[in-house]
Structures are given as C-alpha cells and as structure tokens.
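For the protein sequence lines, the chains are E and Z, in the order given.
No gaps in the numbering here: position 101 of the first sequence is 332 in our numbering, and each next residue is one more.
No gaps in the numbering here: position 93 of the second sequence is 109 in our numbering, and each next residue is one more.
Heads up, the beta-carbon is just placed ideally off N, CA and C, and yes, glycines get one too.
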Amino acid sequence: MSKKNTHILVVDDEEIVRESLSGWLEKDGYTLASAPDGPSALKELEAGTWSIILCDLKMPGMDGLEVLDRARKLHPEIAVVIMTAFATVDTAVNAMKLGAFDYLVKPFDPEELSLMIQKIVSQQSLVRENTILRKALRRDYRFRDLVSKSPAMQAVFDLARTAARSPSTILVLGESGTGKELMARAIHAESPRHERPFVEVSCAALTETLLESELFGYEKGAFTGAAARREGKFEAANEGTLFLDEIGDISPKLQMDLLRVLEERKVTRVGGTELVPVDVRIIAATNRDLKKAVQEERFRQDLYYRLNVITITLPPLRDRREDIPILVDHFLETLGVEMKRDAEGVSAEAMALLLAHDWPGNVRELRNVLERGIVVAKEPILQVSDLGLSLSSGPHAPAPAHPASLAEIEKQYIASVLQQTDGNVTHAARILDIDRVTLYSKIRKYGLRKVEGEAAGES
Amino acid sequence: MKEIAIWWIGASGVAVDLLEVVQRRVAGEFGLPVGAHLSAERPEGSLDPRRRQHSSTKILHWLAEHRPAGADRVLAITDADLFIPILTFVFGEAHLKGRAAVVSTARLAGDGLMLPDPARFRARVVTECVHELGHTFGLLHCQSTRCAMARSPGLREVDAKNETLCPACRERYLELATENGENDEQEKHPHSGRR
Ligand SMILES: Nc1ncnc2c1ncn2[C@@H]1O[C@H](COP(=O)(O)OP(=O)(O)O)[C@@H](O)[C@H]1O
Ligand SMILES: [Zn+2]
Ligand SMILES: [Zn+2]
Chain E
232 MSKKNTHILV VDDEEIVRES LSGWLEKDGY TLASAPDGPS ALKELEAGTW SIILCDLKMP
292 GMDGLEVLDR ARKLHPEIAV VIMTAFATVD TAVNAMKLGA FDYLVKPFDP EELSLMIQKI
352 VSQQSLVREN TILRKALRRD YRFRDLVSKS PAMQAVFDLA RTAARSPSTI LVLGESGTGK
412 ELMARAIHAE SPRHERPFVE VSCAALTETL LESELFGYEK GAFTGAAARR EGKFEAANEG
472 TLFLDEIGDI SPKLQMDLLR VLEERKVTRV GGTELVPVDV RIIAATNRDL KKAVQEERFR
532 QDLYYRLNVI TITLPPLRDR REDIPILVDH FLETLGVEMK RDAEGVSAEA MALLLAHDWP
592 GNVRELRNVL ERGIVVAKEP ILQVSDLGLS LSSGPHAPAP AHPASLAEIE KQYIASVLQQ
652 TDGNVTHAAR ILDIDRVTLY SKIRKYGLRK VEGEAAGES
Chain Z
17 MKEIAIWWIG ASGVAVDLLE VVQRRVAGEF GLPVGAHLSA ERPEGSLDPR RRQHSSTKIL
77 HWLAEHRPAG ADRVLAITDA DLFIPILTFV FGEAHLKGRA AVVSTARLAG DGLMLPDPAR
137 FRARVVTECV HELGHTFGLL HCQSTRCAMA RSPGLREVDA KNETLCPACR ERYLELATEN
197 GENDEQEKHP HSGRR
C-alpha cells in the first residue's frame, strides 16, 4: 500500500498538536486529516477509510479510550495509537485491552514516531474478502475455540455440547497436543457454570505435598512458612469448574484424597479439621492410558470410575488429516493477528507437506510449525522452506536431508527483516532488538548483502 | 521575482559567516535569489516555559505573518531548541507548500559533549535549511538516505545526507516550481496546500 493511500486521522483537542503532528507525518507522504474531539472523529471514521488513528487520551467529552473502543468496533482493521502526556499503567493496560496498537507518552523521539508508523503500515493486514468468507464457512466447524471438520471430531463436539449441560464429571483423553485443555475450557464456557471461575491445576507439575496444599489449601501453621490460611483450588473453583490436567500422574495418597472429595463434595485444608463444602464440576484429563494403569494397579479403580462418568476422546491429528487445512487457516489468522504479521496462507507444496507429516505432537506441533513459519517467511504465503519440516516423514522416512538449523532460521529471519526495512540496518537492528554492531557481524557471517531497496541472501 | 529571505531569529549575536554560507548554498540549490533579512524583531509567544523549548509551529505562524516585504519565502535560523508538542525536539519545521521554514542550530552542534568541527556543523545547518525549504516547495521525505530530503530524526541521519537534493527530488522540485508558477496567485495563503 502506498504512503499516499495510508490515511491517518489525528484526534486531539489541541489545535497545535493536530497541526504539528499532521504536518510532520504529511511530509512522510501520508494522507492526513484531523478531528478536534471524539464525536467528530467518529463521523470521520464513518465517512472515510482509515488505516491509522492517533488519538489523544484526555479529551473533554468523549475520551480516547472510548474513541478507541468505538473505532475498533466499527473498523477492527484500523490501528489505533493512544497518546497521552501522563503514563499510568492502568490506562495503558486498558488501552491495550481495548485493542490499541500501541500507547505513546508525549513527547516522544522523532525516530520513534516514524518507526512506529512504518511498522504499522508494513504490518497492517487488511481484512481481505476471503478472510470474511473463510470465517462464514468456519462457523459451522467450531466448538468454541476448537475448529475441526472431520466427522470424528464433529461427533466429539456433539458429545461435548451435551455433556457441558450436565453436571457430571468428565474425563478427557487424548495424546498430548490434541486440544484437551481447550476442550475443557470450551465445556466450561458452554456449561451453566460459565459465569463462575474456571480453575486449572496441572497435576504433573507439582510434588505430592505441594499439589496437596494447592488443591485443598492449608491452615495457618500447617507447616513452616504457612503464615496464613490459604484456600485451595477446590474452594477457588466453587460453583465453577476445576480442570485437573494430567490426572494420570498423581500419587496414590492424593488419589485417595481426591476420591474422598469426589464422594463427599467437601475438602479439608492441610493442617485443618473443618470440612468445607464445595460445589465444583470436575473435568480431568490425561494423555496416559488410564485403563491400563488401573490394570497394573498404578491408578485406583474406584477413582477411575468416579472420573470416568463421561469420557471424551480426542483423536490424534494423524487420524484426522482432513482437519489440517482448516487448522492451518485458523492458526495463520490468529497467529497473524497476535504476531502482527500478514499470514495469508501456505503454498500448495507446503500444504502437501503438512498433510503428509505424522504430527507426533498433534495440533500443538502444527501450531508451533506455523508460528515458526510466520517468523521466517518473507511473504504472506508460507513456503515449504519456511516450515522446517523434513520432506518426507513418518516412521520409515530417511533422516531429513537439510534440517533447518537455528543458524538457518536466524539467517532467514534477519534477511526478512532487512527486506522489510529496505536494507536499513539501524531500523532492522531495532526490530530485531540487537545492536547494530552485532547485526553487521551477523550480516557478514551469513553473507547477507545489504542492498538498498532489497535485502539479499541467496536462500 | 521569487525571493527567499533568510532571517536570524536567535538569541545570541548573528553568526554572519554561517548565514553567508547558507545564503550561497541555498541560492545555488534552488536557483533563486536569496537575501538576508537583518531585523532585530523576534517571534513572540513561542517559548514553552515548562519545556524550555520553542514551539516551531508557533514560530512558523509568526513568520508567515511577519514575512519581509518582497520575499516569497522566509527561512528563519535560530539557536533556540525547537519542539512540536508530540516530539522531544525537531531540527526544524516548515509549512508544506507554504511560505515559512525554521531551522535550529541548537542540536546540530552536537550532543553538548563534543563540538563537531566547524565545517561539519555548517554542513548540517545547510542540509537542514535545504531540507525545510524543500518542504515549502512541496517536496516530501525522500527514501534515499543521501538526499537532503531524507527524514532526519537524529544527527546520525543528518550526517549521512548530502547538502543537496538527489536527482529525483531535483526533478520533482523543478516540476513543482513550474506548477507553482502557474498557480502563483492561489498560493498566497501558506495553508492552501494543506487539509
Ligand atoms: N481443534 C483445535 N482447534 C484449534 N486449536 C486447537 C485445537 N486443538 C488444539 N488446539 C491448539 O493446540 C494447542 C494444544 O492444545 P491443548 O488443549 O493444550 O492440548 P493438550 O490438552 O493435549 O495439551 C493449543 O494451542 C490449542 O489452542
Ligand atoms: Zn522534513
Ligand atoms: Zn531525494
């Protein structure tokens, strides 16, 4: 997009600010307009197409945050930058929550301003028609944040929708990275408890004693360091949902404690005697084979039956490859927004590679591959070389001929940043967050020539 | 006749040899007569006491009103540190397609620790004067880092520039000058080219 077609709206109640800021940016070749207050800014927004809004925070009548909020609702693709003379953490946080692109404290460095605008312009991904189309198509393939169009997962979604409405305990099974946590959150969101807390405990991450006090809380003086009473996750999740992740990993003693809580719906804090009633819906998950653990007497059978009222099994990604294209679309879009990069799609060859891969790490692995791809990609369409996957995979595949080394990734990333900055090393160093000397030595090391207008690199 | 007036509006005594260099180089660059305007009058109301800097935007307004008779454009040079409300400082400012430009020498002398050699200092002042005047003729920032019209957010960028317009900007200048000549009567108000 040309600079002239980048329309910037300056909103400030002070005329001198509007004039000088517009004047400054106009000389960079952008098209500028200004508005003295919120209502007239909104009128301008309705009348024209805007790429960027620079909006003062404190204005009489409608303040900057409200303009931001309304602007984002009208045109989510517009980048809004909030400017203020006073930095307060609260307003900064609020501004970012409401979707501000950035937050600037006046006065700022001339260089900072120009770089920020450049960054917005180069990163702004316009909402393209096909994204809208894709969204419309996808609505039918969703269960909350989970997307899928495979029949197996559609059946899982149906079961989950029904299960969500019941108060029963749910056991979610599936390999790591298949979306168990996402499923637990989705069930909570669909359940009558959705306005109450969703509390998550990863049982594998803690030692037995820590997990015990984490789950049940403790009384003052229960052990050295217990300076005051602390409530546990069961109490914290009261009237809501408690998600016990990696339940297959808990110790025999905790298995027993847990069983008691599930039976009595009361907890006793560590070091205490009082029975505290709790009203909690339990969702447990594991990537282990619980049935086998029961047979081998590593997991209590009675607890297993308590948990296993409704079982939702998420199939591994390699058994539902038809989900890969829709997941790719989904991740490119969400990651693109998160990383402020334009990620439109993958090339046909890259898609073929993704479809053929075995995905031992399941959806999480796919997400990671795409995230890395977006980082190294030079263009909005990801290529095979961006993915860092070997060309053939699976158990019988030969060792990959060219595994992407860290150095290779770094080289490609630097080359792409240099291209983005038209070979300007100072700006590239800033984006990369390294000093210029380091960048120069890396350019030399990787044989990236710094050419005006285009960054080189023979990859 | 289109003439550019150069006006020292600094607090200290006028640096005659500096003004002479600027006068000569600017005249050569734009192919227009340049006269020194020796007036003791100084802009009012531009000082921001809290920031202890002068508002370049306010100076431009004042200059546009106090433009010396017979001069088409006025280029003011000052030793005061300039700012626009949103930025910590500016080396100068100009009305795009307007009549007034101002350049400050305050930060071109260096970061206060080390004075540059006089030749480098003069080169910086000339470069920024060409730059701001370029804006009054309608030139925008140039992508070439060597061109006087390149954006100059810091001294490093100023030092990377030549004191002259690059061939592309030169061509654009000539184009704009012809257009301007035709529209001369409509260009009386410095803001007519702005939104
Ligand atoms: N069907 C899906 N649709 C969208 N994202 C998914 C889906 N399944 C998994 N993910 C994503 O994959 C990653 C791993 O999911 P997670 O629920 O943490 O898996 P697990 O419970 O097996 O550890 C997360 O980033 C999650 O958002
Ligand atoms: Zn400029
Ligand atoms: Zn140029």
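Would the beta-carbon of T400(E) fall within 9 Å of that of L296(E)?
-> no
Residues of chain Z with a CB under 9 Å from the CB of G567(E): which are they?
-> None at all; the shortest Cβ gap to chain Z is about 27 Å.
Chain E contact for H111(Z) (CB, 9 Å cutoff) = yes
For G260(E), return the contacting residues in chain Z, with the cut-off set at a CB-CB distance below 8 Å.
-> L156, H157
Could you tell me whether the Cβ atoms of D97(Z) and S62(Z) are closer together than 9 Å?
-> no
By a C-beta neighbour count over all protein chains shown, 10 Å radius and 16 as the cutoff for buried, is D287(E) buried or exposed?
-> buried
Return the bridge partner residues of K497(E) from the DSSP annotation.
-> P508(E)
With DSSP collapsed to three states, give me the class of W281(E).
-> coil
Whole-Å CB distance - W23(Z) paired with S55(Z), under 8 Å assumed = 7 Å
Alpha helix (DSSP H) runs contained entirely in the stretch 42-127 of chain Z, provided each spans 4 or more residues = 72-81
Distance, D617(E) Cα to A166(Z) Cα | 35 Å
Scan the stretch 243-258 of chain E for residues whose Cβ lies nearer than 8 Å to a Cβ of chain Z and list them as they occur along the chain.
-> E245, I247, V248, E250, S251, L252, S253, G254, W255, E257, K258
Assumed close pair L566(E), L597(E) - CB separation to whole angstroms, cut-off 8 Å = Not really, about 11 Å apart at Cβ, beyond 8 Å.
Consult DSSP for V540(E) and reduce its assignment to one of helix, strand or coil.
-> coil
Look at the alpha carbon of Y671(E) and the alpha carbon of I605(E), and state the distance between them as a whole number of angstroms.
-> 24 Å
Hey, V509(E) and T472(E): beta-carbon distance below 9 Å or not?
-> no
Using a Cβ cut-off of 9 Å, which residues of the stretch 338-349 of chain E contact any Cβ in chain Z, in chain order?
-> P338, F339, D340, P341, E342, E343, L344, S345, L346
Partners in chain Z for M314(E), counting only beta-carbon separations shorter than 9 Å | I102
Say whether chain E places a C-beta atom closer than 9 Å to the C-beta of R186(Z).
-> no
Straight-line CA distance for P307(E) to K74(Z)?
-> 36 Å
Does DSSP put I363(E) in a helix, in a strand, or in coil?
-> Because the pLDDT of I363(E) is 45, which lies under 50, any placement of that residue in the model is unreliable, and the number read from its coordinates should be weighed accordingly. Three-state DSSP puts I363(E) in a helix.
By how many angstroms is the C-alpha of C145(Z) removed from the C-alpha of C163(Z)?
-> 13 Å
Roughly how many angstroms separate the alpha carbons of C158(Z) and A646(E), rounded to a whole number?
-> 23 Å
Other residues of its chain near D88(Z): CB distance less than 6 Å, five sequence neighbours each side excluded = K18, E19
Would you call the stretch 446-457 of chain E and the stretch 493-506 of chain E in contact, with 3 or more CB pairs under 8 Å?
-> yes
Short check: CB of A516(E) to CB of M414(E), under 9 Å?
-> yes
By how many angstroms is the C-alpha of V525(E) removed from the C-alpha of L620(E)?
-> 38 Å
Any beta-carbon of chain E closer than 9 Å to the one on V106(Z)?
-> yes
Find the nearest neighbour of R40(Z) within the set V50(Z), R136(Z), I100(Z), judged by alpha-carbon distance.
-> V50(Z)
In or out: P341(E) buried (at least 16 other Cβ within 10 Å) or exposed?
-> buried
Which whole runs of the alpha helix (DSSP H) in the stretch 255-330 of chain E are 4 residues long or more, in chain order?
-> 269-278, 295-305, 320-328
Interface partners of H151(Z) on chain E, CB under 7 Å = K258
By C-beta, the residues closer than 6 Å to any heavy atom of ligand 3, given in chain order | C158(Z), S160(Z), C163(Z), M165(Z), L181(Z), C182(Z), A184(Z), C185(Z)
Can you tell me the Cα-Cα spacing of L34(Z) and E275(E), whole angstroms?
-> 47 Å
Should H151(Z) be counted as a contact of ligand 2 given a C-beta to heavy atom distance under 8 Å?
-> yes
T517(E) by DSSP, collapsed to three states: which one?
-> strand
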